[in-house]
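Protein chains in written order, with the numbering used here: chain A, 1 to 205; chain B, 206 to 410.
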């Protein structure tokens, strides 16, 4: 691929019509198309192929830049972490300390510099726009609820995991969005210590 | 008070300028002023007196219609339940089954016809508008967090109650707003049975 954007001087940031798109331009084009696709069709019904068609590029190029649909989603939604990478790290060591790993990792993500604004933005969209809710619901079901439930390996695992999800999402809402005291200023270790045994029981008791 | 609105025929719904305001008109005037006051100043800094001044009526009249500030808030925000009435019913019987009563009452309120739309609207405002978040935070602290923490009677009661609040708010978000399955279709009794012991432990263990 020619790197038109890279070669252009700062004085001419927009490429001339007809000139082939540069690497970062193509990537941006794919991300824009992905946001529109996921937003209008939801996560389940969007595909690498449909995003490629909307971006007017070859599907192989989308694969080349983003590997999987969930990676493409994470990039398009500017998720501060990629759940496809995070989830195996949480469930890998087994179910014994799953409660503590879930709570600690969740708080760790929210405390990552820059992550909070983005996550609050995602919650705001999901709460106010039906299409955003559907998109997040399908994505969470696919990359989080499914794998964690499988690790639990019980018939009611999915209900258990959604109840834990409720505890964690509510924690974020009260601590970081509503900023209700004393939860907003509570020490991370204190919260982990209080919630981990409870989350563990909800999952495996 | 003359009942101008009541006396007026359906054909002349708007009173003539200079004619004294009717009962329901005055009430509406107070509610409009209260919404503006609470929304701009928050719950703590608004008073019956400041709402009366904004509505250009006598404070005694606000007292007459709404008794207390929290009742006025409940009416102005069209809360589907009045927490000042609900909270004593929850904590009155003591702390032994507090977990179950909290979860069951919370789900009962959400399942009341008409309540859900209003509650979702309140969550939406609180998540998207800073002033609404402040208002809800102060109101919840005053009418819910305070009294329930006092009933628990431990030094860390407030942190315990906010963690339970996080579980309940997260439950509402996942079940009624994001509608994540299988939680969205789960039986109320099943949810109560799973969450009540956990909520109880968070409160009193």
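Glycine residues also receive a C-beta, built at the ideal position from the N, C-alpha and C atoms.
Which residues in chain B sit within 8 Å of residue i, going by Cβ to Cβ distance?
| i | result |
| --- | --- |
| residue 123 (chain A) | 332 |
| residue 198 (chain A) | 403, 406 and 407 |
| residue 28 (chain A) | Near residue 28 (chain A) there are no residues of chain B at all, since even the closest Cβ is about 28 Å away, more than 8 Å. |
| residue 136 (chain A) | 383 |
Output, in chain order, the set of chain B residues within a Cβ distance shorter than 7 Å of residue i.
| i | result |
| --- | --- |
| residue 49 (chain A) | Those within 7 Å of residue 49 (chain A) in chain B number zero; the least Cβ separation is about 27 Å. |
| residue 243 (chain A) | No information on residue 243 (chain A) is available, as it lies outside the stretch 1 to 205 that chain A covers here. |
| residue 162 (chain A) | 379, 385, 387 and 388 |
Quick one: residues in its chain with C-beta nearer than 6 Å to the C-beta of residue i, no 5 flanking neighbours on either side, listed in chain order?
| i | result |
| --- | --- |
| residue 74 (chain A) | 82 |
| residue 334 (chain B) | none |
| residue 107 (chain A) | 188 |
| residue 277 (chain B) | 239 and 271 |
| residue 123 (chain A) | none |
| residue 264 (chain B) | 253, 254 and 257 |
| residue 132 (chain A) | 125 and 126 |
| residue 136 (chain A) | 126 |
| residue 281 (chain B) | 236, 239 and 240 |
| residue 318 (chain B) | none |
| residue 55 (chain A) | 29, 30 and 33 |
| residue 398 (chain B) | none |
Might you give, ordered along the chain, the residues of its own chain that have their beta carbon closer than 8 Å to the beta carbon of residue i, omitting 5 neighbours on each side?
| i | result |
| --- | --- |
| residue 262 (chain B) | 231, 234 and 235 |
| residue 173 (chain A) | 123 |
| residue 352 (chain B) | 292, 293 and 296 |
| residue 350 (chain B) | 363, 366, 367 and 370 |
| residue 316 (chain B) | 393 |
Given this structure, state the Cα-to-Cα distance separating residue i from residue j, to the nearest angstrom.
| i | j | result |
| --- | --- | --- |
| residue 322 (chain B) | residue 390 (chain B) | 17 Å |
| residue 252 (chain B) | residue 155 (chain A) | 53 Å |
| residue 245 (chain B) | residue 326 (chain B) | 18 Å |
| residue 85 (chain A) | residue 177 (chain A) | 26 Å |
| residue 161 (chain A) | residue 269 (chain B) | 49 Å |
| residue 396 (chain B) | residue 62 (chain A) | 42 Å |
| residue 94 (chain A) | residue 87 (chain A) | 12 Å |
| residue 373 (chain B) | residue 149 (chain A) | 21 Å |
| residue 248 (chain B) | residue 364 (chain B) | 21 Å |
| residue 306 (chain B) | residue 53 (chain A) | 53 Å |
| residue 384 (chain B) | residue 37 (chain A) | 21 Å |
| residue 139 (chain A) | residue 69 (chain A) | 10 Å |
| residue 380 (chain B) | residue 388 (chain B) | 6 Å |
| residue 200 (chain A) | residue 92 (chain A) | 16 Å |
| residue 375 (chain B) | residue 400 (chain B) | 12 Å |
| residue 339 (chain B) | residue 151 (chain A) | 40 Å |
| residue 409 (chain B) | residue 197 (chain A) | 14 Å |
| residue 407 (chain B) | residue 166 (chain A) | 15 Å |
| residue 331 (chain B) | residue 90 (chain A) | 31 Å |
| residue 369 (chain B) | residue 362 (chain B) | 11 Å |
| residue 237 (chain B) | residue 250 (chain B) | 17 Å |
| residue 23 (chain A) | residue 78 (chain A) | 19 Å |
| residue 104 (chain A) | residue 304 (chain B) | 25 Å |
| residue 386 (chain B) | residue 141 (chain A) | 8 Å |
| residue 153 (chain A) | residue 119 (chain A) | 29 Å |
Residues of chain A with CB closer than 8 Å to the CB of residue i, please, in chain order.
| i | result |
| --- | --- |
| residue 304 (chain B) | The premise fails here: residue 304 (chain B) is roughly 11 Å from chain A at the closest Cβ pair, so nothing lies under 8 Å. |
| residue 373 (chain B) | 170 |
Name the chain B residues whose beta carbon is nearer than 9 Å to that of residue i?
| i | result |
| --- | --- |
| residue 177 (chain A) | 331, 332 and 338 |
| residue 141 (chain A) | 385 and 386 |
Which residues in the same chain as residue i place their Cβ atom closer than 7 Å to its Cβ, once the five residues preceding and following it in sequence are excluded?
| i | result |
| --- | --- |
| residue 314 (chain B) | 285, 286 and 320 |
| residue 348 (chain B) | 275, 288, 289 and 292 |
| residue 301 (chain B) | none |
Chain A partners of residue i, CB-CB under 7 Å?
| i | result |
| --- | --- |
| residue 400 (chain B) | 163 |
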